[in-house]
Amino acid sequence: MAFGHDHELHTRRFGRNLGLGLVLAAFVALVFGLTIVKVSEGNPMQAFDHAPRPGMAVPEAER
Amino acid sequence: MSDATALDHGPEAQFGDYVALLKPRVMSLVVFTALVGLLVAPVGVHPMVAFASILFIALGGGASGALNMWYDADIDRVMRRTQGRPVPTGKIAAGDALGLGLALSGISVVMLGLASNLFAAGLLAFTIFFYAVVYTIWLKRSTPQNIVIGGAAGAFPPMIGWAVATGGVGIESVLMFALIFMWTPPHFWALALFMKDDYSNAGVPMLTVTHGRRVTRSHILAYTLALAPVALALGFTPIGGPVYLAVAAVLNAGFIRGAWRIRARSEDAALADGYAAEKAFFRFSLAYLFLHFGALLAQAALRPYGIGGW
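Written out as structure tokens, the structure reads:
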């Protein structure tokens, strides 16, 4: 098979692959949009980054 | 030669076949009722959150549709109504439908939890479980009450939409659930009356098969009569109002009239006119549900102008 020449399977599944690609792209856009909304609404959220977070610790009095 | 040649057998599934696996027509009803549940709730939701939530509720509904097609492939092959589905036609392997259904179930529940709240996500998970396991795997093949109890799965979406906004349940959301729950049996029994041999050929114990068509006709009327108070009661809750009540009164009168006609007909009369009354009742049942929820939406839209709402 010549280099750069698509297998027949790729041609046959082009529609399916394109559809899935678009769905994944839309999913990324959706999560991005949701994140923007959640952050701008001031929802409490923190990502785990392996750093100690004193703010997340339960105060001594509430233990 | 490559490994890809091993996949060259059978008709090729296109993207649309995977979409068909999610039962888009059922999904449209799920989207509509969930959206109404969300919009009539007394708590406002950011449009982006609302959009994402409805999308994931629909995806969860689609996932349970795929699980249903995986398990019911043998029945679907026999019934005329379902022979064209992707699994019976051999376009998609039953195992692939199972995989897609499970994956989408997980994605939809987790994403709904992240987008809205855990209560709504839990309710969606329960709905998928109820439709796939309780209805499809357990009840559908074992009891003529299959669609009565299984109808609960289709009734949950407005409750989930309400939960997205409020984070809980209320009398309003319970009544929206009850409306769809009570509507499902007459809707499907009318279908079973004019689909005739489909269910019996497939060995599904529909009421028409186990108890006969006369009993089914009586059951349609009984459920339609029981449905009316539920539909009207919703009009007296804070999400109801005069517009809804007027629409509900007209629709329920029409629905009971249709059910009465079905009850009064003999099988010979129905055969003679090609099940015209049953088909008309089935079509009316679709409009019935759509217009009830449409009226709730109209009621919510009119509230800021002081028209409607209690």
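For the record, the sequence lines run as chains A and B. Sequential numbering of the first sequence, starting at 11, is according to the numbering used here. Sequential numbering of the second sequence, starting at 13, is according to the numbering used here. Positions of the beta carbon are idealized from the N, C-alpha and C atoms, including for glycine.
If you draw a straight line from the Cα of B:ALA53 to the Cα of B:ALA62, it is about 12 angstroms long. When the beta-carbon positions are compared, B:MET123 and B:PHE168 stay at least 8 angstroms from each other. B:LEU112 sits close to B:LEU33, with the two beta carbons spaced by under 8 angstroms. In this structure, B:ALA70 lies near B:VAL43, with their beta-carbon atoms less than 8 angstroms apart.
Counted as a single uninterrupted DSSP element, the stretch harbouring B:LEU33 is not any alpha helix (DSSP H), since DSSP gives it neither H nor E.
Using a C-beta cut-off of 8 angstroms, the region 286 to 302 of chain B makes contact with the region 196 to 207 of chain B, since at least three inter-stretch Cβ pairs fall below that distance. Secondary structure at B:THR45: helix, using DSSP grouped into helix, strand and coil. Rounded to whole angstroms, the separation of the alpha carbons of B:THR155 and B:ALA106 is 24 angstroms. Restricting attention to alpha helix (DSSP H) runs no shorter than 4 residues, the region 118 to 172 of chain B encloses them at 130 to 141, ordered along the chain. Leaving aside the five residues that flank B:ILE274 on each side, the residues in its chain whose CB is nearer than 8 angstroms to its CB run, in chain order, ALA202, LEU205, ARG229, ILE232, LEU233, ALA289, GLU290 and PHE293. Annotation for B:VAL259: the continuous alpha helix (DSSP H) segment containing it runs 254 to 276. With a threshold of 8 angstroms between beta carbons, A:GLY43 makes contact with chain B.
Within a 10 Å sphere around the beta-carbon of B:GLN311 sit 16 or more other beta-carbons, which makes this residue buried. Cβ-Cβ distances below 8 angstroms link B:ALA261 to LEU244 in the same chain, with the five nearest sequence neighbours on each side left out; the list follows chain order.
Excluding sequence positions up to five before and after B:ALA137, its CB lies within less than 6 angstroms of the CB of VAL121, all in the same chain and listed in chain order. Scanning its chain for C-beta atoms nearer than 6 angstroms, with the 5 sequence neighbours on each side dropped, one finds around B:LEU257 the residues GLY247, in chain order. In the three-state reduction of the DSSP assignment, B:GLU279 falls in the helix class. Contact of A:GLU70 with chain B is not assigned, every C-beta pair being separated by 8 angstroms or more. Residue environment: A:HIS15 is assigned as exposed (fewer than 16 neighbouring CB atoms within 10 Å of its CB, all protein chains considered). Taking a C-beta cut-off of 9 angstroms against chain A, the contacting residues of the region 121 to 134 of chain B are MET123, LEU126 and ALA127, listed in chain order. In summary, B:ARG295 is exposed, with fewer than 16 beta-carbon neighbours lying within 10 Å of its beta-carbon over all protein chains present.
Assigned with DSSP and collapsed to three states, B:LYS103 falls in coil, not helix or strand. Looking at B:HIS58, B:VAL57, B:THR139 and B:GLY306, the one whose alpha-carbon comes closest to that of B:GLY162 is B:THR139. When the beta-carbon positions are compared, B:ALA85 and B:PRO100 come within less than 8 angstroms of each other. Within chain A, no C-beta atom comes less than 8 angstroms from the C-beta of B:MET39; the nearest is roughly 15 angstroms away.
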